[in-house]
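Undergrad: Sending over a structure as structure tokens; questions will come in a sec.
Numbering (my numbering), first residue to last: 870 to 1255.
Given below as structure tokens:
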């Protein structure tokens, strides 16, 4: 299945590299590619199996269609777009779980996304300090600074790295031949999060490093000597990466203690939206249209997301939708930790409690579902061996 894995990886690379493109065509091209890949897989002799573990996500994917059928969405156009996005996410998750079920193919895919992450992290860090806000030093972003590669939002960048850092750490410990390469990848990505000055990202990547090392030791996934060597190498490389990337911006943001009045009001407004429409929500994709009705004061800025994905899902989809996603998350957590490389999906979902990595830029969410699908593939492979 390596050709299919290569196609999936290529589509994911394209999606993140075109992340800053505001026009619809960039994301639509990715969606067309995913639907085409799913169609090709469905026509193969070995079929396209959809395991029962996908049930909560399948029901969540159907939810915007139910809202449209019932006529409960406050903006049908936005909910149609959300329905198409969730259909894409479901296919990415299902494809990754199917295509990566063979261990050799899965390991190739994990290595490919780790090295891609290292390259983009290095470029993003360099670009942050030298591009004047231009994406890849060429394309205007609308911002004058803090643009990391194709990412114009530091927290979304950090959330993306959170998905990849445990993968690189896992490979650095378990692949003796390529340990220096994957150790360097992990260090470069870690340093780039420091450079991004994302506070939540910093806390979560530090937690990921500890969680991965503790889990590797507990599961005895590698000899203690290999684990110790990988840890020493990683720490040394991190010191170098942080020295090059710079930590001053993060330190300033940690010490500033900025008031979060906009986030607090967005969370309060989301609660009121849920109170008014607890069972059907306002319609997926409609939060920014509903917020002006519930804001307690004029913030002076455009607030287009709730800064908490879980609160936004509850407001837009109601209790049934957020419950389905919570069940999906719980089912994902155990294999994510057991696989070790899937720890990033847990960190990503935790980041979603204080930011919006799943909103606004659907390509970032697609990466989450791809790594989550790779975790499902590990679980399926393990069950076959029992």
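For every residue, glycine included, the Cβ atom is placed at its ideal position computed from N, Cα and C.
For the candidate residues 1232, 1222, 1018, whose alpha-carbon lies nearest to that of residue 1182?
TA: The residue with the shortest Cα to Cα distance from residue 1182 is 1222.
Undergrad: Can you tell me the Cα-Cα spacing of residue 1205 and residue 1069, whole angstroms?
TA: Approximately 20 angstroms, taken between the alpha carbons.
Undergrad: What residue range does the alpha helix (DSSP H) around residue 1083 cover?
TA: Unbroken alpha helix (DSSP H) run through residue 1083: 1068-1088.
Undergrad: Would you kindly work out how many angstroms separate the C-alpha atoms of residue 1030 and residue 1024, rounded to a whole number?
TA: In a straight line, the C-alpha of residue 1030 is about 10 angstroms away from that of residue 1024.
Undergrad: Do you know how far the Cα of residue 1169 is from the Cα of residue 1039?
TA: Those two C-alpha atoms are separated by around 45 angstroms.
Undergrad: Give the straight-line distance between the Cα atoms of residue 881 and residue 1037, rounded to the nearest whole angstrom.
TA: When rounded, the distance between both Cα atoms is 17 angstroms.
Undergrad: Can you tell which of 1135, 1209, 1021, 911 has its C-alpha closest to the C-alpha of residue 1161?
TA: For residue 1161, the nearest C-alpha among the options comes from 1135.
Undergrad: Roughly how many angstroms lie between the CA atoms of residue 936 and residue 992, to the nearest whole one?
TA: In a straight line, the C-alpha of residue 936 is about 42 angstroms away from that of residue 992.
Undergrad: Residue 981 to residue 975, Cα distance in whole Å?
TA: Spanning the two alpha carbons is a distance of roughly 10 angstroms.
Undergrad: What three-state label does DSSP hand residue 1255 in the structure shown?
TA: Any answer about residue 1255 is weak, because its pLDDT of 36 lies below 50 and its placement is not dependable; what the coordinates show is given next. Three-state result, residue 1255: coil.
Undergrad: Determine the DSSP secondary structure at residue 1203, reduced to helix, strand or coil.
TA: If DSSP states are grouped into helix, strand and coil, residue 1203 belongs with the helices.
Undergrad: Only counting runs of 4 or more residues, tell me where the alpha helix (DSSP H) segments fall wholly within the segment 1002-1074, in order along the chain.
TA: The qualifying runs are 1023-1043, 1048-1065.
Undergrad: Quick check: the Cα distance between residue 894 and residue 908, rounded to an integer number of angstroms?
TA: For residue 894 and residue 908, the distance between alpha carbons rounds to 21 angstroms.
Undergrad: For the alpha helix (DSSP H) containing residue 1155, name the first residue and the last one.
TA: Looking at the DSSP string, residue 1155 is not in any alpha helix (DSSP H), and its letter there is neither H nor E.
Undergrad: Cβ of residue 968 within 8 angstroms of Cβ of residue 873?
TA: Yes, they are a contact pair.
Undergrad: Please name the residue in 1224, 1062, 906, 1008 whose C-alpha comes closest to that of residue 1131.
TA: Residue 1131 has its Cα closest to that of 1224, out of 1224, 1062, 906, 1008.
Undergrad: Give the straight-line distance between the Cα atoms of residue 970 and residue 912, rounded to the nearest whole angstrom.
TA: Taking the straight line joining both Cα atoms gives about 18 angstroms.
Undergrad: Buried or exposed for residue 1120, going by 16 or more other Cβ atoms inside 10 Å?
TA: Exposed, by the Cβ-count rule.
Undergrad: Would a C-beta distance cut-off of 8 angstroms place residue 1157 and residue 1177 closer than the cut-off?
TA: No. Outside cutoff.
Undergrad: Expressed to the nearest angstrom, what Euclidean distance is found between the alpha-carbon atoms of residue 1100 and residue 1082?
TA: Looking at the two C-alpha atoms, the distance is approximately 8 angstroms.
Undergrad: Does the separation of the CB atoms of residue 994 and residue 1155 fall below 8 angstroms?
TA: Taking 8 angstroms as the Cβ cut-off, residue 994 and residue 1155 do not qualify as a contacting pair.
Undergrad: Taking 8 angstroms as the threshold (C-beta atoms), are residue 1042 and residue 1019 in contact?
TA: No, they are not a contact pair.
Undergrad: For a test of the three-state rule: what should DSSP assign to residue 1177, helix, strand or coil?
TA: The answer is coil: DSSP assigns residue 1177 none of H, G, I, E or B.
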